[in-house]
Amino acid sequence: MEVLSKLFGSADRVKIMRLFILNATASFTASEVLIRSKVSRSIGKKELGVLKEAGLIKIKIMHVDGSRGRKKSVDAWFLNQGFPFLAALKQLLFNTELFKKEEIIRRLKGAGRVKVIITAGIFINDEDSRADLLIVGDELRKGTIEKTIKSMEAEIGRELSYGVFETDDFRYRVSVCDKFIRDILDYSHKKIFNKLEDAF
Numbered sequence: 338m339e340v341l342s343k344l345f346g347s348a349d350r351v352k353i354m355r356l357f358i359l360n361a362t363a364s365f366t367a368s369e370v371l372i373r374s375k376v377s378r379s380i381g382k383k384e385l386g387v388l389k390e391a392g393l394i395k396i397k398i399m400h401v402d403g404s405r406g407r408k409k410s411v412d413a414w415f416l417n418q419g420f421p422f423l424a425a426l427k428q429l430l431f432n433t434e435l436f437k438k439e440e441i442i443r444r445l446k447g448a449g450r451v452k453v454i455i456t457a458g459i460f461i462n463d464e465d466s467r468a469d470l471l472i473v474g475d476e477l478r479k480g481t482i483e484k485t486i487k488s489m490e491a492e493i494g495r496e497l498s499y500g501v502f503e504t505d506d507f508r509y510r511v512s513v514c515d516k517f518i519r520d521i522l523d524y525s526h527k528k529i530f531n532k533l534e535d536a537f
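In terms of my numbering, the sequence shown opens at residue 338 and continues consecutively.
Okay, here's the thing in structure tokens:
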């Protein structure tokens with residue numbers, strides 16, 4: 338993310354670009370862009386203007402439900418599928434390491450006694466993966482994990498698919514060849530943190 342921030346001017350611009358490219362057929366109001374990318378109103382407005390001027394995104398009028406059942410018109414932003422450098426931009430944005438493993442470990446450190454962190458899916462550029470992240474540990478704080486995931490989703494540009502398991506439950510699922518676990522372990526993945534060497 339740091340390299341891309343330098344190339345494109347800011348981390349906020351990278352987050353907004355990823356949001357549109359990963360949701361290529363969707364349209365977003367300015368408020369939705371701000372919420373999903375977790376950027377301030379002033380920065381979001383500026384970055385949307387920059388990306389529109391560059392030709393990466395376009396704007397249209399969208400009719401949504403307003404008060405008392407009335408329809409109201411709002412501006413909606415969407416990806417310009419005809420942008421000449423779209424393919425190259427996709428490759429650059431998604432072939433670049435999203436987060437260093439140390440950064441992921443650091444972010445999840447306060448979530449309890451974490452024993453295992455496995456990355457897959459979007460973290461290793463595998464669109465067919467069952468999940469993006471697997472977290473195993475004890476006394477895990479689900480709220481902390483959810484908050485961390487939401488923050489990462491905003492930076493990446495889309496929702497993450499992930500699993501969270503207590504150690505005993507994980508060991509049991511491994512022993513009975515649980516489909517979700519096997520779908521991760523039997524295919525491309527990275528064990529970026531592992532204190533359960535004997536478990537799998």
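Beta carbons are placed, not taken as given, at the ideal position from N, Cα and C, and that holds for glycine.
Asked	Found
Alpha helix (DSSP H) segments (min. 4 residues) lying fully within the segment 384-431	423-431
Host alpha helix (DSSP H) of Glu369 (start-end)	367-374
Same chain, Cβ closer than 7 angstroms to Ile518, five either side skipped, listed in chain order	Arg510, Val511
DSSP-derived helix/strand/coil call for Lys527	strand
Beta-carbon spacing of Gly480, Leu359 below 8 angstroms	no
Close Cβ partners of Lys527 (< 8 angstroms) along its chain, the five nearest in sequence each way excluded	Lys438, Ile455, Thr456, Ala457, Phe460, Ile461
Segment contact, 8 angstroms Cβ cut-off, at least three pairs: the segment 496-504 with the segment 467-476	yes
Cutoff 8 angstroms; reference Phe571; Cβ partners in own chain excluding five residues on either side	Residue 571 lies beyond the stretch modelled for the chain, which goes from 338 to 537, so this question has no answer here.
Cα-Cα separation between Ala367 and Asn531, rounded to whole angstroms	41 angstroms
Leu435: first and last residue of the uninterrupted alpha helix (DSSP H) it sits in	First-last for Leu435: undefined, no H or E at that position.
Short Cβ contact (8 angstroms threshold) for Ile441 with Leu388	no
From Leu356, Lys397, Ala361, His400, residue whose alpha carbon lies closest to that of Gly381	Leu356
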